[in-house]
Amino acid sequence: MKLVIKNGRVIDPANKIEDVMDILVEGGKISKVARGIDVKADTVIDATDKIVMPGIVDMHVHLREPGREDKETVSSGTMAASKGGVTSVLAMPNTLPSLDSTEIIKTLKEIIKKTANVDVFICGAITIGRAGLELANLTALKKEGVIAISDDGASVDSDELMLKAFEIAKKEKLPVICHSEDKSLSGKGVVNLGFTSTRLGLRGISKESEYKRVARDIMLAEKSGAGVHIAHVSCGESVEIIRKAKRKGVKVTAETAPHYFGLNEEDLLDYNTDMKVNPPLRTKDDVLAIKEGLRDGTIDVIASDHAPHTENEKEIEFEYAEFGSTGLETELSVSVTELVSPGILTWSELVKRISFNPAMVLGIDKGTLGQGKDADIAIISADKEWVVNKAGFASKSKNSAFIGRKLKGAVEYTIYKGKVTYKA
Amino acid sequence: MTKKKTAKWIHKDLLGLEYLSKEDIELLLDTAESFREILDRKIKKVPALRGKTVVNLFYEPSTRTRVSFEVAAKRLSADVINIAVESSSVKKGETLNDTGKNIEALKADIIVVRHNCSGAANMLARNVNISVINAGDGWHEHPTQALLDMFTLRKKTGKLEGLNVSIVGDIAHSRVARSNIWGLTKFGANVTVCAPDILIPPGIEKMNVKITDDIDEALSEADAINVLRMQFERDDMKAFPSQLEYFKKFGITDDRLKKAKKGIIVMHPGPINRGVEISSEVADGANSVILEQVTNGIAVRMAVLFWVAQVRDKEKKDEIGY
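So the sequences go chain by chain: A and B. Numbering-wise, the numbering used here puts 1526 at position 360 of the first sequence, and it's gapless, one number per residue. Numbering-wise, the numbering used here puts 828 at position 271 of the second sequence, and it's gapless, one number per residue.
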């Protein structure tokens, strides 16, 4: 099987390529990236005036399987991924039960083998049941194939336990992904603490609850020498703490989600529960700080934090509704609209943050169009505008914070291991 | 009061005073003025809403507001149904939206909803086609309470513009405070909020209010004070000093009133805690308008019911091609 992509603007920061070129795909691998490739192929895609980039590596995805197949499955979630130009996802461990044992990892691997439409990598839990009380057998999890660990959705409150986790993670070469939140500060809060919580009459979540825990996680990681990755950074203070740690040479990477630069707390003034996310949407100033962090490289990664929920869990009173927004199908377009269009990031810088860097953080051979690599490719109409609509999602859940928003940049093709898995 | 009803009412729902214009509020207050007269007649009833059904859907115990809405609806000849739900919860029972849709299917015209969650009325209004009136949602808004406070103030002083109004008490958890602030500031009144620091919510200065924790300062220039009910039983109050301490520092007493402007108007949304936020002498004294507020509340709620019902009627006429 041969596939040729002709005349696209190829963006491959790993190989410092940003030029109009052709790509030849053979046997599911990239076989050649050059000008004027003229071979007989089974499929020829004309990518004139389109961006051709390595498929997105989304390192923060909740596939909900096993346990909450009513929200999402490996099958539906990876279909949504394909639609969003995503070819690799990291499945987070807050399933039912949590991904804290080799048995459950085996089960999930079986499901992935049978039903996944893109590559699904697995993030194991740090503690049993993500309860923060007892470490999971991290060595065994690693052997079973998890490529990172996280108590995702929760933070390990005990400093001692967290330090121990970092020490084992260092030995096992497992990146630790931190949901940095001090629950004793965020409590029952549901929106950012400040004028918005006051105006809406809702309990607030302070920024301290985030950045204080970001600082702790970085300090413990530094002490242990392990690599730490801070998930879904939402506020300026966290960006600054990470920036300083990087300058100091600590092995820290960080990620943010499109809703933290595409939306701010003022957008949820009519109690739109699709915009109820954790950490909460912050202020306009925080959005600026996040964008600056992305620009200067303090924030390495854009990941969706795709968090599907059923209507029953969202179409209810704001304080009762679940936290989270879907994101696989909008992350690229939100990034183009908010970062590339206004000139905050170049295309090459965006590809670095959304495809290449996450692969680096996770230590997987993805996110580039180098010769011999998996032919995971997204083809994008950079200027095409579209309106996010509820009926258009491939995900089982429709709780997108961006419904109704006009976005720029549309996925035309997603190619996974040489096969077209999505075509607009 | 001259009546110039040039404003046109366009709102299906009344969710909060934040969402209304000054003209909208003026129209409601002017209309309430005419309805107020009806309450002093021998036969206190007009046929304005004959054939309409008003459902009081209350998820929080409330006698005062519920009865006030019931009386208001009955004075307008509407049929009234009261539904009291113990309290809403995420796991048990029917969802608020489903309950609302069922009430709509029963062909009711207006839902008056009281709910413990902020934003509940907004959500309900998005999900049903019939009118929704917010009778208090969490800490968010209690628009008819603020309207009746403003009505009472306007009746007493003639105008709201330039009026100095101090709101005293638990501002952080008060929907009455928020609605009053939105409403009064739209009329150019000068609003001061007075409370211990921990009961002042962050960013409230952006609502154009002055903040103080000194009750004498709050009283010194005030033409009126609105004393909020203190709820020491709530969880959030655990960090708070004693009731007695509060009364000593913030309680409205005769001694404190003596230092205030003569004729200062004392309001309270009720129910009052005598000796907690207000002394009995003040509550029952010459400056107090607390019981007038209760009567005015009926007139204001009649006006609200009347106007939201007009919007519904217009829609129906459009549907059948009038």
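The C-beta atom is built at its ideal place from N, Cα and C for all residues, glycine as well. Just so we're clear, the structure is a prediction, and the values are computed from it rather than from any experiment.
Bridge partners for residue i per DSSP, in chain order?
| i | result |
| --- | --- |
| aspartate 1285 of chain A | A/Ser1254 |
| valine 1394 of chain A | A/Val1342, A/Val1418 |
| histidine 1472 of chain A | A/Val1227 |
| glutamate 1238 of chain A | Bridge partners of glutamate 1238 of chain A: none, in fact. |
| tyrosine 1626 of chain A | The structure shown does not extend to residue 1626 of chain A, since chain A spans only 1167 to 1590, so no value can be given for it. |
| glutamate 1192 of chain A | A/Lys1168, A/Lys1195 |
| proline 1220 of chain A | A/Ile1543 |
| cysteine 751 of chain B | B/Val725, B/Thr769 |
| alanine 1200 of chain A | A/Asp1188 |
| serine 1566 of chain A | A/Thr1492 |
| aspartate 568 of chain B | According to the sequence as given, residue 568 of chain B is histidine; it is not aspartate. Answer is none; histidine 568 of chain B lacks a bridge partner. |
| histidine 672 of chain B | B/Asp694 |
| arginine 598 of chain B | Arginine 598 of chain B pairs with nothing; no bridge assigned. |
| threonine 1209 of chain A | A/Leu1169 |
If the cut is a Cβ gap below 8 angstroms, which residues of chain A does residue i touch?
| i | result |
| --- | --- |
| serine 696 of chain B | Before going on, a small fix: residue 696 of chain B reads as tryptophan here, not serine. Within chain A, the residues near tryptophan 696 of chain B are Gly1367, Leu1368. |
| proline 530 of chain B | No answer is possible for residue 530 of chain B: it lies beyond the span of chain B, which begins at 558 and ends at 879. |
| serine 675 of chain B | Leu1366, Gly1367, Leu1368, Tyr1437, Phe1484, Glu1485 |
Counting only C-beta atoms, is residue i closer than 7 angstroms to chain E at any point?
| i | result |
| --- | --- |
| lysine 763 of chain B | Judged by its chain identifiers, the structure shown contains no chain E, and its protein chains are A and B. |
What residues from chain A crowd round residue i, counting only those whose CB sits closer than 9 angstroms?
| i | result |
| --- | --- |
| alanine 653 of chain B | First, the amino acid is wrong: residue 653 of chain B is leucine here, not alanine. Near leucine 653 of chain B (Cβ distances below 9 angstroms), the residues of chain A are Ile1482, Glu1483. |
At 7 angstroms on the CB atoms, spell out the chain B contacts of residue i, in chain order.
| i | result |
| --- | --- |
| aspartate 1436 of chain A | Asn679 |
Just confirm the distance between the C-beta atoms of residue i and residue j, as a whole number of angstroms; I'd bet it's less than 8 angstroms.
| i | j | result |
| --- | --- | --- |
| glutamate 880 of chain B | serine 731 of chain B | Missing from the structure shown is residue 880 of chain B; chain B here goes from 558 to 879 and no further. |
| isoleucine 1543 of chain A | glycine 1193 of chain A | That belief does not hold up - the Cβ atoms of isoleucine 1543 of chain A and glycine 1193 of chain A are roughly 15 angstroms apart, past 8 angstroms. |
| asparagine 1565 of chain A | lysine 1480 of chain A | 5 angstroms |
| proline 700 of chain B | leucine 574 of chain B | 5 angstroms |
| isoleucine 1177 of chain A | valine 1517 of chain A | 5 angstroms |
| glycine 1174 of chain A | isoleucine 1545 of chain A | 6 angstroms |
| alanine 1302 of chain A | valine 1342 of chain A | Contact flag wrong, Cβ pair sits at about 12 angstroms. |
| proline 1474 of chain A | serine 1563 of chain A | 3 angstroms |
| aspartate 1471 of chain A | histidine 1226 of chain A | 5 angstroms |
| valine 766 of chain B | valine 784 of chain B | The pair is not a contact, with the Cβ atoms about 16 angstroms apart (cut-off 8 angstroms). |
| alanine 1541 of chain A | lysine 1572 of chain A | Wrong, their Cβ atoms sit about 32 angstroms apart, outside the cutoff. |
| leucine 1591 of chain A | lysine 1330 of chain A | There is no way to answer for residue 1591 of chain A, as the model of chain A reaches only from 1167 to 1590. |
| serine 675 of chain B | tryptophan 696 of chain B | 6 angstroms |
| glycine 1319 of chain A | histidine 1345 of chain A | 6 angstroms |
| isoleucine 667 of chain B | valine 628 of chain B | That pair is no contact at about 15 angstroms. |
| glycine 1285 of chain A | glutamate 1497 of chain A | It should be pointed out that residue 1285 of chain A corresponds to aspartate in this sequence rather than to glycine. The pair is not a contact, with the Cβ atoms about 17 angstroms apart (cut-off 8 angstroms). |
| threonine 588 of chain B | phenylalanine 863 of chain B | 6 angstroms |
| lysine 1442 of chain A | alanine 1397 of chain A | So it is not a contact: roughly 18 angstroms between Cβ atoms. |
| lysine 609 of chain B | alanine 635 of chain B | 4 angstroms |
| phenylalanine 1489 of chain A | leucine 1368 of chain A | Contact doesn't hold; Cβ gap of about 13 angstroms is too wide. |
Check: the stretch 727-745 of chain B: which residues have C-beta closer than 7 angstroms to a C-beta of chain A, in chain order?
Finding: Per Cβ criterion, the list reads Arg732, Arg735.
Next item on the list: For the stretch 1447-1462 of chain A and the stretch 1357-1366 of chain A, state whether three or more C-beta atom pairs, one from each stretch, are separated by less than 8 angstroms.
Entry: The stretch 1447-1462 of chain A makes contact with the stretch 1357-1366 of chain A; the number of CB pairs closer than 8 angstroms reaches 3 or more.
Notebook entry, point to check: On the three-pair Cβ rule with 8 angstroms, is the stretch 1243-1250 of chain A touching the stretch 1204-1214 of chain A?
Noted result: The stretch 1243-1250 of chain A makes no contact with the stretch 1204-1214 of chain A, as fewer than three CB pairs between them are under 8 angstroms.
Notebook entry, point to check: Do three or more CB pairs link the stretch 676-685 of chain B to the stretch 835-855 of chain B at distances below 8 angstroms?
Noted result: The stretch 676-685 of chain B is not in contact with the stretch 835-855 of chain B.
Margin query: Does the contact criterion of 3 or more C-beta pairs under 8 angstroms hold for the stretch 839-848 of chain B versus the stretch 611-618 of chain B?
Written below: Flag = no, the stretch 839-848 of chain B and the stretch 611-618 of chain B do not touch.
Check: Quick check: the stretch 715-726 of chain B against the stretch 744-760 of chain B, are there 3 or more CB pairs under 8 angstroms?
Finding: Contact between the stretch 715-726 of chain B and the stretch 744-760 of chain B is present: 3 or more CB-CB pairs across the two stretches fall below 8 angstroms.
Checklist line | Stretch-stretch touch, CB-based, cutoff 8 angstroms, three pairs: the stretch 752-770 of chain B with the stretch 588-599 of chain B | finding: Touching, no.
Notebook entry, point to check: Touching or not, the stretch 1279-1299 of chain A and the stretch 1315-1324 of chain A, by the rule of three or more beta carbon pairs under 8 angstroms?
Noted result: Yes, the stretch 1279-1299 of chain A is in contact with the stretch 1315-1324 of chain A.
Next item on the list: Say whether the stretch 1418-1438 of chain A touches the stretch 667-680 of chain B, bearing in mind that this needs 3 or more beta-carbon pairs closer than 8 angstroms, one atom from each stretch.
Entry: With the rule of 3 Cβ pairs closer than 8 angstroms, the stretch 1418-1438 of chain A counts as touching the stretch 667-680 of chain B.
Check: How do the stretch 1256-1276 of chain A and the stretch 1545-1564 of chain A stand: do at least 3 beta-carbon pairs fall below 8 angstroms, yes or no?
Finding: No: fewer than three Cβ pairs fall under 8 angstroms.
Check: Should the stretch 1532-1551 of chain A be called in touch with the stretch 1171-1188 of chain A, which here means at least 3 C-beta pairs below 8 angstroms?
Finding: As far as the Cβ criterion goes, the stretch 1532-1551 of chain A touches the stretch 1171-1188 of chain A, which means the pair count is three or higher.
Check: Counting pairs of Cβ atoms below 8 angstroms between the stretch 765-784 of chain B and the stretch 803-812 of chain B, do you hit three or more?
Finding: Put simply, the stretch 765-784 of chain B touches the stretch 803-812 of chain B. At least three CB pairs are less than 8 angstroms apart.
Margin query: Below 8 angstroms, how does it come out for the stretch 1469-1488 of chain A and the stretch 1399-1410 of chain A: are there three or more Cβ pairs, yes or no?
Written below: Three or more beta-carbon pairs separated by less than 8 angstroms are not found between the stretch 1469-1488 of chain A and the stretch 1399-1410 of chain A, which leaves the two stretches without contact.
Check: Are there three or more Cβ pairs, one per stretch, closer than 8 angstroms when the stretch 815-822 of chain B is compared with the stretch 853-863 of chain B?
Finding: Taking one beta carbon from each stretch, the stretch 815-822 of chain B and the stretch 853-863 of chain B have fewer than 3 pairs nearer than 8 angstroms; the two do not touch.
Check: Is the number of C-beta pairs between the stretch 1460-1479 of chain A and the stretch 1415-1434 of chain A that are closer than 8 angstroms three or more?
Finding: Yes: the two stretches touch, three or more of their Cβ pairs being nearer than 8 angstroms.
Next item on the list: Please confirm if the stretch 1322-1333 of chain A is in contact with the stretch 1251-1261 of chain A, defined as three or more CB-CB distances below 8 angstroms between the two stretches.
Entry: No contact exists between the stretch 1322-1333 of chain A and the stretch 1251-1261 of chain A.
Note to self: Under 8 angstroms: do the stretch 1578-1590 of chain A and the stretch 1510-1526 of chain A share three or more Cβ pairs, one atom per stretch?
What the structure shows: The stretch 1578-1590 of chain A is not in contact with the stretch 1510-1526 of chain A.
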